[in-house]
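*Asks:*
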Amino acid sequence: MDLKAGIGPFTPGGYYSTSPAAITRNLVIIGGHVTDNESTNEPSGVIRAFDVHDGHLVWNWDSGNPDETTPLPEGKTYTRNSPNMWSLASVDEKLGMVYLPLGNQMPDQWGGNRTAGAEKFSAGTVALDIDTGKLRWNYQFTHHDLWDMDVGSQPTLLDMKTADGVKPALIQPTKQGSLYVLDRRDGTPIVPIREVPAPPALSKATTPRQPRPVRT
0 MDLKAGIGPF TPGGYYSTSP AAITRNLVII GGHVTDNEST NEPSGVIRAF DVHDGHLVWN
60 WDSGNPDETT PLPEGKTYTR NSPNMWSLAS VDEKLGMVYL PLGNQMPDQW GGNRTAGAEK
120 FSAGTVALDI DTGKLRWNYQ FTHHDLWDMD VGSQPTLLDM KTADGVKPAL IQPTKQGSLY
180 VLDRRDGTPI VPIREVPAPP ALSKATTPRQ PRPVRT
């Protein structure tokens, strides 16, 4: 497996894997680390799945081109500076999904040039189909992130007792210090999440509301 294929140019030490890959259904699913705040032309945050037997690329999910998961043609480059996964993925083989905690788009503390993909997928958890890499659902925990709120923790998967019976849950720790509890089948909150008013900034465009879990 050549993890540099399709990544494009980067400075020495500017792209590498910091966490073990997820191994499931004969696939090796892996993300990559990029250097924070070095450039707005960082390598892609693409997530790739390789065949565990011979190493060929099976699918790729690039948040800058999220609907196209067939292997990137030779000589092409993934979207530059797209949100990456430097932490650990979690897998539910029964549901057929892999859950990705995603980081931010560079620069971390300024959002004036954020792409549509970054605004949708950064600082959140993304669920992909294990076999195809197609998007199943995503949930963002920090909108228009200007505070380096990468989701750096592996999602915890468990079956949770609720008033409506046992549900397959995903618990996502965040840098906010909050734990978000979602139904891992479709990303809907099990513990309610409220969009609360967020203070403005004098020198930056900010989002008027941010999600916060609400204990009931």
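Numbering (numbering that gives the first Met the number 0), first residue to last: 0 to 215.
All residues carry an ideal CB built from backbone N, CA and C; glycine is no exception.
It should be emphasised that the depicted structure is a prediction, and the values quoted were computed from it without experimental measurement.
According to DSSP, is residue 174 part of a helix, a strand, or is it coil?
*Replies:* The answer is coil: DSSP assigns residue 174 none of H, G, I, E or B.
*Asks:* Just tell me which of 177, 200, 188, 161 has its CA closest to the CA of residue 169.
*Replies:* With distances taken between Cα atoms, residue 169 lies closest to 188.
*Asks:* With DSSP as the reference, label residue 93 as helix, strand or coil.
*Replies:* DSSP places residue 93 in coil when its eight states are reduced to three.
*Asks:* Rounded to whole angstroms, how far is the Cβ of residue 62 from the Cβ of residue 151, which I believe are closer than 8 Å?
*Replies:* Contact doesn't hold; Cβ gap of about 17 Å is too wide.
*Asks:* Taking 8 Å as the cut-off, decide whether the C-beta atoms of residue 124 and residue 99 are in contact.
*Replies:* Contact flag set, yes.
*Asks:* Taking residue 120 as part of the alpha helix (DSSP H), name the residues at either end of that continuous run.
*Replies:* From DSSP, the alpha helix (DSSP H) with residue 120 extends over 115–120.
*Asks:* Report the residue from 157, 203, 207, 162 whose alpha carbon sits nearest the alpha carbon of residue 141.
*Replies:* Checked all of 157, 203, 207, 162; the closest Cα to residue 141 is 207.
*Asks:* Alpha carbon to alpha carbon, how far is residue 132 from residue 52? Give it in angstroms, no decimals.
*Replies:* Looking at the two C-alpha atoms, the distance is approximately 18 Å.
*Asks:* Give every residue of the same chain whose Cβ lies closer than 7 Å to the Cβ of residue 82, excluding the five residues on either side of it in the sequence, and list them in chain order.
*Replies:* The answer, listed in chain order, is 44, 62, 101, 102, 103, 104, 117, 120, 121.
*Asks:* Return the CA-CA distance between residue 106 and residue 114, expressed in angstroms with no decimal places.
*Replies:* Each residue's Cα considered, the two are about 12 Å apart.
*Asks:* Could you work out which residue in 160, 148, 24 is closest to residue 57 when comparing CA atoms only?
*Replies:* Among 160, 148, 24, the Cα nearest to that of residue 57 is on 24.
*Asks:* Would you mind sorting residue 180 into buried or exposed? The rule is 16 or more other CB atoms within 10 Å of its CB.
*Replies:* Result: buried.
*Asks:* In whole angstroms, give me the CA-to-CA distance for residue 192 and residue 85.
*Replies:* Those two C-alpha atoms are separated by around 25 Å.
*Asks:* Could you pull the DSSP bridge partners for residue 32 from this structure?
*Replies:* Note: residue 32 sits in a beta bridge opposite 15.
*Asks:* Counting along the chain, where does the beta strand (DSSP E) carrying residue 21 start and finish?
*Replies:* Residues 21–23.
*Asks:* Relative to the C-alpha of residue 74, which residue among 162, 210, 4 is closest?
*Replies:* Among 162, 210, 4, the Cα nearest to that of residue 74 is on 4.
*Asks:* Where does residue 85 sit, in a helix, a strand or coil, going by DSSP?
*Replies:* Residue 85: coil per DSSP, three-state reduction.
*Asks:* Below 8 Å CB to CB, which residues in the same chain sit around residue 12 once its five sequence neighbours on both sides are set aside?
*Replies:* If we look at residue 12 and ignore the five residues flanking it on each side, its Cβ neighbours are 34.
*Asks:* Smallest Cα separation from residue 153: which of 143, 71, 17, 67?
*Replies:* It is 17.
*Asks:* Apply the 10 Å Cβ neighbour rule to residue 28 and answer buried if 16 or more other Cβ atoms are within range, or exposed otherwise.
*Replies:* Classification of residue 28: buried, given that the 10 Å Cβ count is 16 or more.
*Asks:* List the residues that DSSP assigns as beta-bridge partners of residue 159.
*Replies:* DSSP output for residue 159 lists 166 as bridge partner(s).
*Asks:* Measure the alpha-carbon distance for residue 204 versus residue 79 and round it to whole angstroms.
*Replies:* Near 23 Å, if we compare the C-alpha coordinates of residue 79 and residue 204.
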